[in-house]
Structure formats: C-alpha cells, structure tokens
Amino acid sequence: MEFVEFLKTLDDPLKFYIHYSLKKIGLDLEGLEEEGALAAISKAAGPHIAEVLYGMYLEARAAKKEILLVSA
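Take the sequence shown: its letter number 30 is residue 62 in this note's numbering, and every next letter is one higher.
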C-alpha cells in the first residue's frame, strides 16, 4: 500500500480534515504524487500531523506484511 492510498482509507473525519487542509493550499488528495505526498501533508496540516500519519502508515504496512506472512 502506498502512502497516498493509505490517506484515502482513513476514517471520514480525518480524511475530510486532510482534504480541507490540502484544498486551502491549492492541492487535492487525488492529485498527490507519492514522492511529494508527505511534504504536501506537512505543509497543509503541519509537520506533527504528517509525522503521526506517516507513523500510522508504517504500522499499517507492517501489519499487512505480517498478515501475508502468516497466510503463506
């Protein structure tokens, strides 16, 4: 799972906040590229929120790998 795809799977209140914050600086969640996504979130919502979201993404990615290893 990519970081942008992870952002799209967040619960609605958080996803709406990210969407609103990005819209305020002229960006859109749909138009974000993977390379600039973390920087865009950091600029739109603040570096502390970007750090938490990226940590959540890494945890979700690790959990998915564990599930795949167990099922193999």
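We put the CB at the ideal spot given by N, CA and C, even for glycine.
Cα-Cα separation between residue i and residue j, rounded to whole angstroms
i     : j     : result
Ala67 : Ile73 : Residue identity differs from the one stated: residue 67 is Glu in this sequence, not Ala. Approximately 12 angstroms, taken between the alpha carbons.
Tyr89 : Phe38 : 6 angstroms
Gly78 : Ile50 : 10 angstroms
Glu91 : Met33 : 11 angstroms
Asp43 : Leu59 : 20 angstroms
Phe48 : Ala82 : 15 angstroms
DSSP state of residue i mapped onto helix, strand, coil
i     : result
Leu64 : coil
Met88 : helix
Asp43 : coil
Cβ-Cβ distance between residue i and residue j below 8 angstroms
i     : j     : result
Val36 : Leu64 : yes
Ala71 : Ile57 : no
Leu61 : Leu54 : yes
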